[in-house]
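Here's the structure, in structure tokens; my notes come after.
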Amino acid sequence: MLVDLPGGWSPLLGRLAWSQIPYANPILAPLFVAVVIGAIAIIGLITYYGKWTYLWKEWLTTVDHKKLGVMYIIIGLVMLFRGFIDGLMIRTQQVWAVGPHSSGVFGSLHGYLTPFHFGQVYSAHGLIMILLAATPLLVGFMNIIVPIQVGARDMAYPYLNALGLWITAAAAALIMISLFVGDFAHNGWFEYAPIFEMQYSPGVGVDYWIWTLQLVALGTTLGGINILATIIKMRAPGMTWGKLPIFVWASLSANVIALTSFPALQIALALVTADRYLGAHFFTAGMGGNLMLYTNLFWIWGHPEVYFVILPAFGMMSEIFPTFSEKPLFGYITMVLASMAIAGVSWLVWLHHFFTMGAGPYVNTAFSVATMLVGIPTGVKVFNWAFTMYRGRLTFNAAMLWAIGALFLLLIGGLTGMMLAIPAINYMVHNSVFVVAHFHSMLLVIVYAIFGSVLYWFPKVFGFKLDEFWAKTMFWLFSAGTALVFVPMYMLGFMGMTRRLEYVFNTGWQSYLDVMEFGIVVYTLSVLAFFILLYVSVRDHAKNRVGADAWGTSRSLEWLTHSPVPFYNFAVLPHVNERDEVAWRRQHGIDNVRPEHYDDIHMPNNTGVAIIMGGLTFVLGFALTWRIWWLCIVSLLAIIGLMIIRSFRGDPGYIITGAELQRMEEEAYRREAQIADSHHSHPVSGGVVGNAMAYQRNDSSK
Amino acid sequence: MDIKWRNWLKKGWRAAALAPVLLLGGCAHNPYWIFDPKGIMAKTNLFYLIVDVVIMGAIVGLTALLVVWFMWRYQKGKNRGMYDPHWSHSNTIEVFVWGIPIIAVGFLSYFAVRGTFEINPYNPTVITHHMKPNGDPVEVDVIATDWQWLFVYPQYHMAVANELVLPVHTPVFFRLTSSAVTTTFFIPQLVGMIDVMPGMRTKNALLSDHAGEYQGIASDYAGAGTSWMTFKTKMVDKADFAQWVQKVQQAPGSMTYASFNRFAEPFINVNHHLVYFSSVEPGLFDHVMTEVMRGKTWPIPPMMTENMVDYMKKQAAEHRD
Amino acid sequence: MSSHASTVDPKKAELWDTHHHSHDVISTRTLGYFLYLLSDGMLFATLFAAYGVLSYQHSYFGGPTPAEFVKPWYTFAQTIALFLSVLAYGFGMNALKHKNKSGLINGMLAAFVLGVVFLVLDIHDMSHLYSMGITLASSGGMSAFMVLTQVHATHIFFGLIWILVMIAQVMTKGFTEETVGRLLTLRMFWHLQAVIWVFVYIFVYLWGYIS
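Residue numbers (the working numbering), protein chains in the order written: chain A, 915 to 1616; chain B, 1232 to 1552; chain C, 784 to 994.
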């Protein structure tokens, strides 16, 4: 309907048909069975333990930024795992399908994935890792930490926060369901014109890709508005701009980028939608279309996007380094200026993603110089972290190791980035695995920062520390995997290996691919170590309980609250006097001063509307993908209707009385005293090898 | 100290990555095509790569060493370095950490600008300033299809599919277009990449003084057959080239506009078939571009390579040679 | 060199907020909505960029160009309708300041009707083009023309629905904090759409007519 649709269309089901379900696929069919069994098991367990009410009341309808942040992180970790499996599949195909004599199974000439499937695997890998793993993980951390760090009770718009989460979850669900119903995009995570046009991508893959991305863009824009408004309007009294924690500055600059750049993506996608759904000629090769326009529009979003993901990671590193150097961050003001400079200049460099498209030497050099300029504030940050460590007292626990690893990866990524910034070099390595290794180095900076932050802030959110030994084991295994996969990849880039090869035509590359496959095995071991880490930490959680200042050398405001953070964050909002308020109070011995008086506070109610809206957006995305027009209209009307109904209902919230607050606070203080006592009588907490908890002052470090 | 050793090990891996740079201009069978350029364009690219790596490598390397030194010296409990809990600002250091990168970027910008003009695919000064008055340039029109390369030699009114043969010591000027989707023309040892786009004309140029056989690649994803869209590039002596041209001009095949439409239908060149066309209808390149601009497409059937084995049978049955 | 010296005396420092800073609900809502409108502005900026790239002679691929079918006076009537709609809404907001509920509702009704006039004119124009065979599938340039103008029209459409909802809310709930906040944000939205229309009119209709 509206355009010629290969494969037929029916009014009831759109393009959906039995032939779109890959029940004969030897990988997907067993996977589907496993997923169904897993889902039944989970549902069964929840029912058996009678936890549905708890789940609904405490998690699925919550508007509490901490719980929403935790759910963002859960989505991110689950999708990180799926993206990792996709990466594993890519590596395995490429190590197998080398040379014309390599074997083929499952209908493939070489390896086990045909081009049809291989294209989907790496496209899903890219899209998931950047937008459904890294972004939710970072947004989750910003959600949890920013309100507490500015001394607020919640985000500026708690309901909008929940909405953003469930829309992101809908996007994740849409890309997951593309595994089993239809196919996903084949042409990479960012697609090209005109290969995404209907003639060259006749399946529903590109449509899934469009709507997944649109949902992610919507969720991220809403989240961006929330974080910006929170930082601008909800700071605790006394917290001037100059006293803002550095992670909050990082979140601010990142979300300014998000707010302004995601609309460009949404339009680029909308124009692709017009081409595919309405027969428009925005990006077709003929009829007056301009296929280069797509590339420009996409990367106008695409480059600010990568800074949107890396600035929070830099912010995380800027929190971890000072805490474990027991010194304030070096050059706070220049760090802030550097973040702002990066956010600004990131708008001026997008063409470096397609130097080879033939823009001519004047245009290419302008963007080349701009790209190199963006490297300057990034370099400044590296030096500032180094000089934070200088004359400090460094504790090399697992969180610090991840942060240091991120720093070294930034050096490599930065070096290779400066190489790619020069067209003369770029013409040789564009679209080669050298570029792949470069951006993976940069994305690994983010991954390392995230893992470091998990270790760093987990005690604040959950009230106990993660097991140091397994955390360090995971770190070393992960870093070994990184070296084994990406060092050979850089070398292959210099050998001329281009990216996205389903069949590798040069047998000379086999030994490097073998090393990389071994690297993936080591990565898999690190994933195993992560699961063991979670199990051991939960098992031993009673021994690893912490108080408000979990690390003993923490500096920023979130370490003033109890661990785990109560749902109201602060019973009485703190008055901020200095940058690094907690460090200042501890230094002057006033960190244990309690408020004298508790007033009533006003909290928002939970609501089921957000998750229902998320479900409806999923249905809408699915219906649009399959062109089930009646379902599109119904779900769109339902969404608008629900919005209107909710706006009439409103939410008066509820009051917690001062007396109730006082009771809860005294309970919390009692618990903290118990934890402090237990640590003094048992100098070494059980099951932990290696660096002692920083606040156990009797213990020597390893 | 375990930490220090392990960090050195990590750095060691990374240093090892740069070791292959030592293989520059090395042995006969150097797998590092980027480091083994055989054409002036590729050589120029390598020059700028070395310049950039030396400048940035120095800064990055020194910074890494600085960080490692700080990690070792200021470790808690070892009392090697002074602990100053309030030190967090220094104007001198700020001047250095902003200044050195700015100066480095200044240097690199100069090289970036110079290099971009030197290997500009549309008018590379390394070639145009090297042109010998007696060297008539060879012109090649490149038409990429799903998933073959058609190299048309308009000066000789002939074409070859999937293999490029060129004379040494002679500038070669390319015009490139695509029939279906975007891909990229790349010969690592001879010339850097230029995109090949439907309905549009890009340009490239190369000049090589080394006879030999080199690998050409379609380095932008163009669909299911991209992995097989490689082509050998043979640089031969001028005399050999003249002979080869004559040989092709006696081939049985010919390429008309109509036969091009058949040629451009989706075909995955698994067996690297070469086809020779002794005569080519004049203006084929412009004709293809105009047709595409008018909206001509060569659509891909749905789920084409869902099963490659079955698809290859189907493709063979359609009597493609 | 040490960090910035501690300027607050720890013994006299205020550690907890005892001044009950209450939360300004309305300005928080309008700030957030302003941020959303920034993103909406970026949406249109990108559309204008796409339109700019696709408004060359070859973008119309020999087919009809705006110069051939655009009717500036007709479209000027649309401009008048939209501006009067914004003016009517402004009068309504003035009535709000004087706590005049019926004045507000009258203003909003007038804004609604004038907005509908705008949309009717737009739809009539588009269906006329469609009947002549000029659609967004005609060429790249036409795709850009249609999408840019109709994305704006879609914004107007949703704005009209919003006006109706707000009329209903004011009638049932009166001037609560939430209702007033929403009226303010709707005003911001309506104004922005008028501003965007100015750009659309000048760059698409007028400039298209001249070139």
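C-beta atoms are modelled at their ideal positions from N, C-alpha and C, and glycine is treated no differently. Values in this document were obtained by computation on a predicted structure and should not be read as measured data.
Query, Result
"Interface partners of A:Met1271 on chain C, CB under 8 angstroms", "Result: empty, since nearest Cβ-Cβ is about 14 angstroms, beyond 8 angstroms."
"Reference B:Tyr1452; option with closest CA among B:Ile1334, B:Thr1415, B:Phe1348", "B:Thr1415"
"C-beta atoms of A:Thr1209 and A:Ala1107 nearer than 8 angstroms", "yes"
"Beta-carbon proximity of A:Val1347 to A:Arg1413, cut-off 8 angstroms", "yes"
"Rounded C-alpha distance that separates A:Ala1630 from A:Leu1398", "Any question about residue 1630 of chain A goes unanswered here, given that chain A covers just 915 to 1616."
"Cutoff 6 angstroms; reference B:Gly1257; Cβ partners in own chain excluding five residues on either side", "With a pLDDT of only 45 at B:Gly1257, under the threshold of 50, the placement of this residue in the model should not be trusted, and no figure is reported."
"Contact set for A:Ala1456: own chain, Cβ-Cβ below 8 angstroms, skip 5 residues either direction", "Phe1378"
"Closest by C-alpha distance to C:Thr1027, when choosing among A:Leu916, A:Met993, A:Thr1144", "The first residue shown for chain C is 784 and the last is 994, placing residue 1027 of chain C beyond what the model contains."
"Other residues of its chain near A:Pro1159: CB distance less than 6 angstroms, five sequence neighbours each side excluded", "Gln1063, Ser1470"
"Contact under 8 angstroms by Cβ, A:Ile1618 with A:Trp1103", "Not covered by the structure: residue 1618 of chain A. The range shown for chain A is 915 to 1616."
"In DSSP terms, what B:Pro1398 is bridged to", "B:Val1467"
"Residues near B:Gly1430 in its chain [Cβ-Cβ closer than 7 angstroms; skip 5 each side]", "Met1520, Val1523, Met1524"
"C-alpha distance - A:Gly958 paired with A:Gly952, whole-angstrom precision", "10 angstroms"
"Spatial neighbours of A:Pro1566 in its chain, beta-carbon cut-off 8 angstroms, leaving aside the 5 residues before and after", "Asn1519"
"Whole-number beta carbon distance between A:Tyr1114 and B:Pro1533, since they are thought to touch under 8 angstroms", "That belief does not hold up - the Cβ atoms of B:Pro1533 and A:Tyr1114 are roughly 11 angstroms apart, past 8 angstroms."
"Sequence-distant residues of the same chain with beta carbon closer than 7 angstroms to B:Phe1382, five excluded per side", "Val1371, Val1373, Ala1390, Val1391, Leu1395"
"Where the beta strand (DSSP E) containing B:Ser1409 begins and where it ends", "1403-1409"
"Within chain C, partners of A:Asn1491 - CB distance below 9 angstroms", "Ser789, Thr790, Val791, Pro793, Ala796, Glu797, Leu798"
"Residue of B:Asn1502, B:Tyr1542, B:Pro1385, B:Val1476 minimising C-alpha distance to B:Phe1516", "B:Pro1385"
"Residue range of the unbroken beta strand (DSSP E) whose run includes A:Lys1295", "Premise fails: A:Lys1295 lies in the alpha helix (DSSP H), 1275-1303, not in any beta strand (DSSP E)."
"Contacting residues, own chain, Cβ-Cβ under 7 angstroms from B:Leu1253 (five flanking each side not counted)", "With a pLDDT of 48 at B:Leu1253, under the threshold of 50, the predicted position of this residue should be treated as unreliable, though the coordinate-derived value follows. Correct list: empty, nothing qualifies."
"For B:Thr1414, the three-state DSSP class (helix, strand or coil)", "strand"
"Assigned secondary structure, A:Arg1190 (DSSP; H/G/I helix, E/B strand, else coil)", "helix"
"Where A:Pro1070 sits in the DSSP three-state scheme", "As written in the sequence, residue 1070 of chain A is Ala, which differs from the Pro given in the question. In the structure shown, A:Ala1070 sits in coil (DSSP, three-state: anything other than H, G, I, E or B)."
"CB contact below 8 angstroms: B:Ser1439 versus chain A", "no"
"Chain A contact for B:Asp1426 (CB, 8 angstroms cutoff)", "yes"
"Contact residues within the region 1126-1160 of chain A, judged by C-beta distance below 7 angstroms to chain C", "Thr1135, Ile1139, Leu1142, Ala1143, Ile1146, Lys1147, Ala1150, Pro1151"
"For A:Asp1121, the three-state DSSP class (helix, strand or coil)", "helix"
"Min CB distance A:Tyr881 to chain C below 8 angstroms", "Outside the modelled stretch of chain A, which goes from 915 to 1616, sits residue 881 of chain A, for which no answer is possible."
"Cβ-Cβ distance between A:Gly1001 and A:Pro1050 below 8 angstroms", "no"
"Cut-off 8 angstroms between Cβ atoms - residues of its own chain near B:Phe1498, not counting five sequence neighbours on either side", "Thr1376, Asp1377, Trp1378, Gln1379, Gly1456, Gln1546, Arg1551"
"Proximity winner among A:Met1527, A:Leu1243, A:Gly921, relative to A:Trp1080 (alpha-carbon distances)", "A:Met1527"
"Residue range of the beta strand (DSSP E) that includes A:Tyr1512", "Neither: A:Tyr1512 is in no beta strand (DSSP E) and is coded neither H nor E."
"Contact between the region 1189-1199 of chain A and the region 1415-1426 of chain B (3+ Cβ pairs under 8 angstroms)", "no"
"Distance between A:Phe1020 and B:Met1539 (C-alpha atoms, nearest Å)", "9 angstroms"
"Three-way DSSP call (helix, strand, coil) for C:Tyr799 in this model", "Contrary to the premise, residue 799 of chain C reads as Trp rather than Tyr in this sequence. Strand, per DSSP."
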